[in-house]
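Enquirer: In this note's numbering, the protein residues as written are 481 to 852.
C-beta: ideal position from N, C-alpha, C; glycine also.
Attaching a single structure in structure tokens format; questions to follow.
Quick look at the structure:
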């Protein structure tokens, strides 16, 4: 009240510029009716190129939640925070981009102001969970690469995802490895970018939906009403088939591929024990189980023949990829002798290196929609 307009417009413009707000983006000024005759309003109108002024009553403003309520202000105006409430109402219920600022150019020349963004103009944040593929940076999908190039934050599983994929990041993007971060730290970082209307890429190895540990992240996003989507990636079991030059399904012999893991620190459901899954003698791709390979071999031998082909595939598609073939009865020895570790995919089944059996798809006697 009774604030002299000297230098106030320049002060407000400077404060806006510090947070990246252009004066040309200001669409109107607003205040409470108690201040409608303040000489500062015409000065601000002129500074902002004669934009309109909205005048609100205390009744219109008093119930709008504000970030910085003041009992003193409420005693005088019946509104906990005039500048913030007026800005929010004028922005159609939008969000504050500049909370209440207190300006003081000289004694008795005090003023407060706040800036809100129109709800329809708000840039909403988004999180894209992207599958990085098994290791080779060139195996990421075109869509995944596009997200990496557009992201404001790339949070990647540094121990498993090749750092080369982060080179797609745009200038000024934040790139962080999650290897040393607790889950709560990851959430806080992603949410800070999300709340600022930014694009976040959470980059996971392989396909995120297969042993990707994204369930707890999605639960967090759901509970906070956050927008997210999953871009699939090539899984290591697909990379294994390619590296082995094997079709994991054989006409009339094997038509099922089982993706599973052995029972380590995380218990397996009783109905999914390897010994039970082995009854079908399907092609089995076993994740995360090199450290318990003796148990894996023992359970599989309950139903697979000892001479069943196996392959231990280490760091598939990475530059130091290694592939070891053998028979099931020798699986544990193969893994131990070659000191294979966590990044090992174990494949079991007669589909490995199989060249027998013909698909009927291209038989002259087989008709379908495109061939009568």
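1) Classify residue 591 as helix, strand or coil using the three-state DSSP reduction.
2) Note down, in chain order, each residue of its chain lying with its Cβ closer than 6 Å to the Cβ of residue 809, except the 5 sequence neighbours on either side.
3) Evaluate contact between the stretch 638-657 and the stretch 715-731, counting only Cβ atoms and requiring at least three cross-stretch pairs below 8 Å.
4) Report buried or exposed for residue 498, applying the criterion of at least 16 other Cβ atoms within 10 angstroms of its Cβ.
5) Grab me the residues of residue 506's own chain with a C-beta within less than 7 Å of its C-beta, minus the 5 sequence neighbours each way, in chain order.
6) Closest to residue 632 by C-alpha separation, out of 726, 801, 729, 649, would be which residue?
7) Answer with buried or exposed for residue 685, where buried requires no fewer than 16 other C-beta atoms within 10 angstroms of its C-beta.
8) Can you give me the Cβ contacts of residue 777 inside the same chain, cut-off strictly under 6 Å, excluding the 5 residues immediately before and after it?
9) Quick check on the burial criterion: 16 or more other C-beta atoms within 10 angstroms. Buried or exposed for residue 594?
10) Can you tell me the Cα-Cα spacing of residue 673 and residue 605, whole angstroms?
11) Exposed or buried, which one is residue 747 when buried takes at least 16 other CB atoms within 10 Å?
12) Need the endpoints of the beta strand (DSSP E) that residue 536 sits in, please.
13) On the CB-based measure, 16 or more other CB atoms within 10 Å of its CB, does residue 703 come out buried or exposed?
14) Which one or two residues does DSSP pair with residue 639 in a beta bridge?
15) Quick one: grab the DSSP three-state call for residue 816.
16) Can you tell me whether residue 771 is helix, strand or coil according to DSSP?
17) By the three-class DSSP mapping on this structure, what secondary structure does residue 557 have?
18) Mark residue 835 as exposed unless 16 or more other C-beta atoms lie within 10 angstroms of its C-beta, in which case mark it buried.
19) Under 7 Å Cβ to Cβ from residue 557, same chain only, skipping five residues before and after it: list those, please.
20) For a cutoff of 8 Å on Cβ pairs, would you count residue 567 as touching chain C?
21) Taking the straight line between their C-alpha atoms, what separation do you get for residue 634 and residue 774?
22) Leaving out five residues on either side along the sequence, give the residues of the same chain with a beta carbon under 6 Å from the beta carbon of residue 755.
23) Just verifying my parser: in three-state terms, what is the DSSP assignment at residue 584?
24) Quick check on the DSSP output: the alpha helix (DSSP H) that includes residue 624 runs from which residue to which?
Expert: In short:
1) Here residue 591 corresponds to residue number 111 of the chain shown, with the count starting at 1. In the structure shown, residue 591 sits in a strand (DSSP, three-state: E or B).
2) Here residue 809 refers to the residue found at position 329 of the chain shown. Around residue 809: 786.
3) Touching, no, given that fewer than three Cβ pairs across the two stretches are closer than 8 Å.
4) Working through the chain shown from its first residue, we reach residue 498 at position 18. Using a 10 angstroms sphere on the CB of residue 498, the tally of other CB atoms stays under 16, which defines it as exposed.
5) Counted from its first residue, the chain shown places residue 506 at position 26. Around residue 506: 528, 531.
6) Along the chain shown, read from residue 1 onward, the residue named residue 632 stands at position 152. Nearest option by C-alpha distance: 649.
7) For the purposes of this step, residue 685 is taken as residue 205 along the chain shown, with counting starting at 1. In this structure residue 685 is buried. Its beta-carbon is surrounded by 16 or more other beta-carbon atoms within 10 angstroms.
8) Along the chain shown, read from residue 1 onward, the residue named residue 777 stands at position 297. Once the five neighbours on either side are set aside, the close Cβ partners of residue 777 are 811, 812.
9) Here residue 594 refers to the residue found at position 114 of the chain shown. By the 16-neighbour rule on beta-carbons within 10 angstroms, residue 594 is buried.
10) Working through the chain shown from its first residue, we reach residue 673 at position 193. Working through the chain shown from its first residue, we reach residue 605 at position 125. In this structure, the straight-line span from the alpha carbon of residue 673 to that of residue 605 is close to 7 Å.
11) On the chain shown, position 267 is the one that residue 747 refers to. Burial is judged here by how many other beta carbons sit within 10 angstroms of a residue's own beta carbon; residue 747 has fewer than 16 and is exposed.
12) What you label residue 536 is simply residue 56 of the chain shown in a count that begins at 1. From DSSP, the beta strand (DSSP E) with residue 536 extends over 533-536.
13) Here the question's residue 703 lines up with position 223 in the chain shown. That one is exposed.
14) The sequence position of residue 639 within the chain shown is 159, counting from 1. DSSP, once it has assigned bridges, lists no residue as partnering residue 639.
15) As a working note, residue 816 is residue 336 in the chain shown. Looking at residue 816 - three-state DSSP - the assignment turns out to be helix.
16) Indexing the chain shown from 1 puts residue 771 at position 291. DSSP, read as helix, strand or coil, puts residue 771 in helix.
17) Within the chain shown, numbered from 1, the residue matching residue 557 stands at position 77. DSSP places residue 557 within a helical segment (H, G or I) once states are collapsed to three.
18) In the chain shown, the residue the question calls residue 835 occupies position 355. Classification for residue 835: exposed.
19) Within the chain shown, numbered from 1, the residue matching residue 557 stands at position 77. Sequence-distant partners of residue 557 (beyond 5 residues in either direction) whose C-beta falls short of 7 Å from its own C-beta, in its chain, are 512, 514, 538.
20) Going by chain labels, chain C is absent from the structure shown, which holds only one protein chain.
21) Counted from its first residue, the chain shown places residue 634 at position 154. Counted from its first residue, the chain shown places residue 774 at position 294. Cα to Cα, residue 634 sits roughly 38 Å from residue 774.
22) One-based indexing of the chain shown puts residue 755 at position 275. Result list for residue 755: 779, 782, in chain order.
23) Mapped onto the chain shown, residue 584 falls at position 104. In the three-state DSSP reduction, residue 584 falls in the strand class (E or B).
24) Position 144 of the chain shown, counting from 1, holds the residue named residue 624. Annotation for residue 624: the continuous alpha helix (DSSP H) segment containing it runs 622-630.
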